[in-house]
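For reference, the structure is listed below as structure tokens.
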Amino acid sequence: MNVVSLSVFDLSLAAALVMLMAFLSFLLRLDMTKTIVIAALRTVVQLLLIGFILKWLFAQQSFLWIAVIWTVMLLVAGREIMARQTHRFKGIWGYGVGTVSVFISSVTVGIFVLTLVVNNTPWYTPQYAIPLMGMIIGNTMTAAALSLENLTKTAWQQRMIIEARLALGQPWRESIRDIARQSVRIGLLPIVNAMAAAGLVNLPGMMSGQILGGTPPAEAVKYQILIMFMITAASGFATLIVVWLAARHLFDDRQRLSIKRLYTVK
Amino acid sequence: MAQETLLELKNFSSFDLVPINLKIRQNETVSISGESGTGKSLLLRAIADLIPHKGDVFLEGNTANDYPPNEWRKQVAYLAAESQWWFDTIGEHFQLPLSMQTQKYLEEIGFDINVLDWEVMRCSTGERQRLAIIRMLANLPKVLLLDEPTANLDTDNSMLVESIIKHYQNETSCSIILVSHNAEQKKRIAQRQYQIQGKDVVEVEV
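Listed in order, the protein sequences are those of chains A and B. Its first residue numbered 85, the first sequence is counted upward by one per residue in our numbering. Its first residue numbered 32, the second sequence is counted upward by one per residue in our numbering.
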């Protein structure tokens, strides 16, 4: 590896550029000086903190700690999904439906990739297990949030139509089928677009990072392909699961539309 | 014609109405009226098992829970005052090919088979409501729960709707519960009339 190690002085030069920008914003009365300085400080502190945590974690080689980090990522992702919903389920379902979907799909795809594709010893080597799972969870979270939002919002808007379809003797699945299909499609659009445009519009961040880190481009490309496929699979499973769970929960045991299980967030 | 009880409500209540007991025979039509907000629609939707209810509802001696929910709703069909459409064309909302009977009803109510190609967006409220009735009758329901079926229609359209419903009843001996504010219409169709007074459902003299 021919990585150029950055010294404190190197980073200070970069920091000087940011300070110059902050000073310019003061001169131009952009009212941004304080914001820029605080954001820059946060970057330094947060990333250093993460750096230390990763350094410590990489030294442990303990599956227990990996599992703890994964769990924290999943719980945060579940909160993010809920926070993006304008029509949320009441009670534990509001948090649970997104979290469970992301959990099942991310862990399944993540462990599949780590054990069968990357196949390191041990398979949970943190250098792979943490960033791979982080990328899967992050992207899956977005897909699940989009799907869920579309499903519950559309069901809310079209509740009269759903009930009319039930009244005509359609089973619950059929009465919400079109909305469910559209919701899965919407969740998958970002990653499908990213696959289609990969390398043409932008160089994916991970690949750029690997190349900067000294990895030969051919290797970096292979990893990027792996990541994209992994994210696609995990997003696909997560949207299917979240749409199925949520659609099912919109109906009670007598297949009545229980739209009151949702509440609107202003 | 047989005059057996087809639909029976036993201590049946929805929303905050007082539990009611009601037997409706084959071929019989019962009307329910009451001020808006008293729960007429909720009562009909509860009978169709579209919303929860207390007490029991029987069709030919079997409770709603004896049927799969969608099967019950085919037999005990609820028609809302405002018809709902979710595909682009009329035909997509029907099981094709149409039965002979459905075709006959379509013609009786003033359409020909080409109506299946019509775009829903271009149909008037009256046309949509008439087509929604044909769509419901295609399931061959045993009970019709009609929620102000002619509220949005002019006199001519209303008479067409009434005649097709009467015709269906003559052919199938179905029972009908009709929510209507039109005194003349109730007199023409219903043999018994009920009114929601306060939270109670009481029979009124015709």
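We put the CB at the ideal spot given by N, CA and C, even for glycine. Keep in mind it's a predicted model, so treat the numbers as computed, not measured.
Beta-carbon proximity list for residue i, same chain, < 7 Å, skipping 5 on both sides
i                 : result
ASN234 of chain A : GLN266, SER267, ILE270
ILE275 of chain A : ASN223, ALA227, ILE315, THR316, SER319
TYR212 of chain A : LEU198, VAL202, ASN204
SER211 of chain B : SER62, SER64, GLU179, LYS217
ILE325 of chain A : SER185, ILE188, SER189
TRP149 of chain B : THR120, ILE121
C-beta neighbour in chain B for residue i, strict 9 Å
i                 : result
GLY253 of chain A : yes
ALA248 of chain A : yes
GLN242 of chain A : yes
ASP336 of chain A : yes
ASP115 of chain A : no
HIS333 of chain A : no
Status (buried if at least 16 other CB within 10 Å, exposed otherwise) for residue i
i                 : result
ARG56 of chain B  : buried
ILE137 of chain A : exposed
TYR347 of chain A : exposed
ILE122 of chain A : exposed
THR181 of chain B : buried
PRO288 of chain A : buried
ILE78 of chain B  : buried
ALA99 of chain A  : exposed
ILE134 of chain A : exposed
LEU111 of chain A : exposed
ILE144 of chain B : exposed
GLN169 of chain A : buried
ALA248 of chain A : buried
MET85 of chain A  : Unreliable positioning characterises MET85 of chain A in this predicted model, as indicated by a pLDDT of 48, which lies under 50. A coordinate reading is not provided.
ALA229 of chain A : buried
GLY196 of chain A : Just to set this straight, residue 196 of chain A is Phe in the shown sequence, not Gly. Answer is exposed; the Cβ neighbour count stays below 16.
GLU158 of chain B : buried
PHE125 of chain B : buried
THR127 of chain A : exposed
ALA280 of chain A : exposed
TRP116 of chain B : buried
GLU35 of chain B  : exposed
ARG153 of chain B : exposed
ASN101 of chain B : buried
Contacts that residue i makes with chain B (C-beta to C-beta distance below 7 Å)
i                 : result
GLN339 of chain A : PRO100, ASN101
ILE245 of chain A : GLN115, TRP117
7 Å Cβ cut-off: residues of chain A touching residue i
i                 : result
ASP148 of chain B : By Cβ distance, chain A contributes nothing, its closest Cβ being about 21 Å from ASP148 of chain B, past 7 Å.
ASN170 of chain B : LEU252, GLY253
ALA79 of chain B  : ALA251
Neighbour list for residue i in chain A, Cβ cutoff strictly below 8 Å
i                 : result
ILE82 of chain B  : ARG340
ARG104 of chain B : LEU250, ALA251, LEU252, GLY253
Within chain A, the residues that residue i reaches when beta carbons sit closer than 9 Å
i                 : result
MET167 of chain B : ALA251, LEU252
ALA108 of chain B : ALA251, LEU252, GLY253
Cβ of residue i within 9 Å of any chain A Cβ
i                 : result
LEU74 of chain B  : no
ALA111 of chain B : yes
ALA214 of chain B : no
ALA95 of chain B  : yes
ALA182 of chain B : no
Own chain partners of residue i with C-beta closer than 6 Å, once the 5 adjacent residues on each side are dropped
i                 : result
ARG223 of chain B : VAL61
TRP103 of chain B : ASP80, ALA95
PHE321 of chain A : SER189
TYR199 of chain B : LEU168
ILE140 of chain B : ARG161, LEU191, ILE195
ARG338 of chain A : none
Within-9 Å CB hit, residue i to chain E
i                 : result
TRP256 of chain A : Looking for chain E here will not work: the only protein chains present are A and B.
Spatial neighbours of residue i in its chain, beta-carbon cut-off 8 Å, leaving aside the 5 residues before and after
i                 : result
ARG345 of chain A : PHE173, LYS174, TRP177, HIS333, LEU334
VAL235 of chain B : GLN224, TYR225, GLN226
TYR109 of chain B : LEU75, ARG76, ILE78, ALA79, LEU81, LEU176, ASP178
ILE311 of chain A : LEU216, MET219, PRO288, MET290
SER130 of chain B : ALA169
Check: residue i C-beta below 8 Å from any heavy atom of the ligand MN
i                 : result
ARG265 of chain A : This structure simply doesn't include the ligand MN, nor any ligand for that matter.
**Message:** Please give the ranges of any alpha helix (DSSP H) in the region 118–170 of chain B, keeping only runs that are unbroken, at least 4 residues long and fully inside the region.
**Reply:** 131–139, 156–168
**Prompt:** Mind pulling the beta strand (DSSP E) runs of 3 or more residues that sit fully within the region 141–211 of chain A?
**Reply:** 171–173
**Whole beta strand (DSSP E) elements within the region 84–109 of chain B, 3-residue minimum** = 85–90
**Whole beta strand (DSSP E) elements within the region 173–214 of chain B, 3-residue minimum** = 174–178, 206–210
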